[in-house]
Every structure is written in C-alpha cells, then in structure tokens.
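In our numbering, each number is its position in the sequence shown, counted from 1, plus 85.
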Amino acid sequence: MNGMDVRTLRVELGDRSYPIHIGPALLSRHPELLFDAVRGSQALVLSDANVAPLYLSFVRPGLSARSSAELVIPPGEREKTLDRFAEVMHAFAGMRASRDVTLIALGGGVVGDLGGFAAACWMRGVRFVQVPTTLLAMVDSSVGGKTAVDLPEGKNLVGAFHQPSAVIIDTDTLSTLPDRELRAGLAEVVKYGAIFDAAFFAWLEAHAESLLHRDAAALAEAIERSCRHKADVVARDETEQGDRALLNFGHTFGHAIETLGGYELVLHGEAVAIGMVCAARLSARSGRAPAADTERLVSLLRRLGLPTDTPGHLDRHALLDAMRLDKKNRSGALRLILWNGIGAARIVDGVGDGDVLKAFDA
Ligand code: NAD
Ligand code: GLY
C-alpha cells in the first residue's frame, strides 16, 4: 500500500468478478467508486445506529441523482435475525424497489451479512455493494459473498452465496472503531497467517504493537494481505467445495461458543481467537502439529489483547452439541479444520467426541 493511493484487488469470478478498493478517505475523496458500483436508479443503504451517524453522509454523494432510501438497524450480533431480514424486505417494498435496485451495506459484518442476504433474496437477487467499517468486515466478511442471518439454534444457518458488485474499504473509518472491535478484527487477520501463510504470521508477530496502536501503514498492509488471501481462495472455491473451508479454522469451536453465549458473551472475532486455540490444541494432542505452534498462536493472540480460554461456565457437552449443527458437517459427523502447524491448515473428518471435548481446555 502506497501513501494516499487507492489499491485495487480483484476477486476473479468470470462475469461476476469485482474489485476490492482499499485506501484512506475513499468515501470522501473518491465518491465515483460508489457511484460506478451502483447501477439502476434506486439504492437502499443499510447501516446500524453506531455507523449511520458517522458515515451515512459520506455515502450520499456517491448516490447523487439516485432515488435512495436508508434503513438503520440497532447494532450488534443479536440483530442478525430473520426479523431484521423481513424489515429489509419491507424497506425494499416500501420504496417500490425494482430488480435494478442496489443495496449498500455500510457497517460491520452484521450489516454486511444481513444486507447481502437481503440482496440475494429481493426479487431473487439484486446488486449489492459492501462498504465495511470494521476491521473484521474489511479483512473477511465483506469479501466472498457468504451472506446469512443467525437462528437461536446456531450461527449463519439461513443464508446464500451472493457476491457483491464491489467492496469499498475506506481505512479512515477505523479511526472511530472501539479498541475491542479492532482487536476482534485482528483475530481474523491472524487466521490467514495461521492457515495459509507462515511468513505473514511472523510479520504479525513483528508488528503486533503497531497494529494495536493503529499504525496506518501496518493496518493497511494487514488489510491488503488478508484481502489478497481471501480473494484468492474465493476465486478457487467460491461455494466451499474444497479449501475455502480452511477459512473456518477456529470457527466450529467459536460458533458454538457464540451460540451458547447467546450472541452477546463474546464478539465473533474473540470467539474465533478462542476457537483457533482449541483447534491448535487438538492438532497438537493428536500428533498432527508441534505443541510449540500452539504456544506461538496463544502468545500472539494474547499480545493482541484477545481471549484464548473457553469461558469456564459454558457446558462442554452443550458446546459439542452446538458444533454438530455446523454447516461443514456431513451425515452427522464432525468435520473440523485443524493444522499441521503455522501456515498449514487441513480439513479433518472423523475426530472423536472425547478429543473435541478435551480441546476446549488447556
Ligand atoms: P458488527 O457488524 O457487529 O460491528 C461491530 C460493532 O462495531 C458494532 O457495534 C458496530 O455498530 C460498530 N462499528 C462498526 N463500524 C464502526 C466504526 N467505523 N466506528 C465505530 N463503530 C463501528 O461486527 P463485525 O465484527 O464487523 O462482524 C461480525 C459478523 O461478521 C458476525 O456475524 C460474523 O458471523 C460475520 N462474518 C461473516 C463472514 C462472511 O464471510 N460473510 C466472515 C467473518 C465474519
Ligand atoms: N469467513 C469464511 C468464508 O468466507 O468462507
């Protein structure tokens, strides 16, 4: 990433390929990026009550001359529901939205996942643009077209693959992101190093403090390297028939922790941090990976201010039960993402319940 420049990566998916624009002050300096991504004469902007007062005014210039509506939902994971999905459908209906409407998801992964799913369903699919404003959404959820809402029974159980038409990452929006949310996003950044890229993991070890202190160059590099990994794996395996599943490292454990915690005990990124440690521990105990790599992972996550222990009060058998509803499972058998060490994640079937239960604890 170079000074004030806009960097553009691409997710290569044939005639559904799309750009990921990354840079500071993109919304104010480059309204044409949003303008060009929106087709048709109508736009619906979906945002949440924390983000809308800060950034809605930045997207309006990019919508000039379009008839646009705005829907602002309360913030937080507990809003990623079928009820909120219905609200977006009614917002489309209320503006008499036709098939060429574009939805703009302005916010974190909650708004992005909900908005993307709504765009996948309105009139069987309309365009949408991701404008992520959390680090987690910039490096992961805004890219790749996984859209969903949660059920009380489990995370992301109702959803669709529906690719955005563009991703516009204005890195300046991170300036208002609370520290805890920044750290949660760093968990997904660590994930790319853990599963694909030992050199990136080592880079993160060397730059942990700069990232925590929001050094602009370090954050920009982390975002770009993460998006490059995400774009590559999505291009290879859009619908997760193969190695896209590796992106779920830590997620089967983590989703169970989020579900049992009622979607408010831990943030998604925090749950992923704990889940990655569980997966690394299971890998080491089953002889697949060096225990020293678990220690490096725990140490990096702790330096980044992330939790690494499963909350003590969550019942381990109930967590295992929640893991059985994971989308990767086949014919009732658990499929986990483990690793052979840093940078080398693997899909593993047939792990015994006893080993999974033990992995929750050191
Ligand atoms: P989030 O959307 O809840 O945002 C976190 C909090 O930060 C919210 O309170 C929000 O209002 C606030 N916020 C957002 N941007 C801000 C800003 N710039 N300044 C101040 N406050 C701001 O959570 P998230 O961590 O962005 O996303 C988590 C969700 O993403 C989960 O539901 C997870 O399942 C999903 N996810 C999806 C994918 C995918 O591939 N689709 C990948 C990873 C995660
Ligand atoms: N975040 C997991 C995926 O996009 O596949």
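Don't be surprised by glycine CBs; every beta carbon is placed ideally from N, CA and C.
- Under DSSP, residue 103 shares a beta bridge with 96.
- Between residue 361 and residue 443, the C-beta spacing is not below 8 Å.
- Counting only unbroken stretches of 3 or more residues, the beta strand (DSSP E) elements lying wholly within the segment 123-204 are 127-133, 152-158, 187-192, in sequence order.
- Between the alpha carbons of residue 101 and residue 440 lies a gap of roughly 42 Å.
- The DSSP-derived three-state label of residue 213 is strand.
- Residue range 264-281 is occupied by the alpha helix (DSSP H) that includes residue 270.
- Per DSSP, residue 338 is one residue of the alpha helix (DSSP H) stretching across 336-345.
- Sequence-distant Cβ neighbours of residue 412 in its own chain, meaning closer than 8 Å and more than five residues away, are 241, 242.
- Residue pairing by DSSP places residue 246 opposite 231 in a beta bridge.
- Pairwise C-beta distances place the segment 385-395 out of contact with the segment 330-337, as fewer than three of them are shorter than 8 Å.
- In terms of CA proximity to residue 447, 365 leads the group 265, 286, 365, 313.
- A distance below 6 Å between beta-carbons, with the five flanking residues on each side excluded, links residue 120 to the following residues of its chain, in chain order: 147.
- Less than 8 Å separates the beta-carbon of residue 270 from that of residue 224.
- Annotation for residue 422: no alpha helix (DSSP H) segment contains it, though the beta strand (DSSP E) segment containing it runs 420-424.
- Counting C-beta pairs closer than 8 Å gives three or more between the segment 125-141 and the segment 191-198, which meets the contact rule.
- Distances from the alpha-carbon of residue 92 to those of 430, 343, 356, 310 put 310 closest.
- Using a cutoff of 7 Å, the CB of residue 225 counts as near the ligand NAD, since one of the ligand's heavy atoms is closer than that.
- Residue burial is scored here from C-beta neighbours: residue 408 has at least 16 other C-beta atoms within 10 angstroms and is therefore classed as buried.
- In the structure shown, residue 431 adopts extended strand secondary structure according to DSSP, grouped into three states.
- For the pair residue 396 and residue 350, the CB atoms are nearer than the 8 Å cut-off.
- When the Cα atoms are used, residue 166 and residue 236 turn out to be separated by approximately 7 Å.
- For the segment 310-384, the continuous alpha helix (DSSP H) assignments of 4+ residues that do not extend past its boundaries occur at 336-345, 353-370, in sequence order.
- One alpha carbon belongs to residue 163, the other to residue 348, and they sit about 6 Å apart.
- In this structure, residue 353 has its beta carbon less than 7 Å from a heavy atom of the ligand NAD.
- By DSSP's assignment, residue 409 forms no beta bridge with any residue.
- In the same chain as residue 246, and ignoring 5 residues on each side of it, the C-beta atoms closer than 6 Å to its own belong to 230, 324, in chain order.
- The C-alpha of residue 298 lies about 31 Å from the C-alpha of residue 422.
- In the structure shown, the three-state DSSP call for residue 293 is helix.
- Counting along the chain, the unbroken beta strand (DSSP E) around residue 255 starts and ends at 251-255.
- Around the Cβ of residue 339, a 10 Å sphere holds 16 or more other Cβ atoms; the residue is buried.
- DSSP places residue 387 within a helical segment (H, G or I) once states are collapsed to three.
- No residue range can be given for residue 259, since it is assigned to no alpha helix (DSSP H) and is classified by DSSP as neither H nor E.
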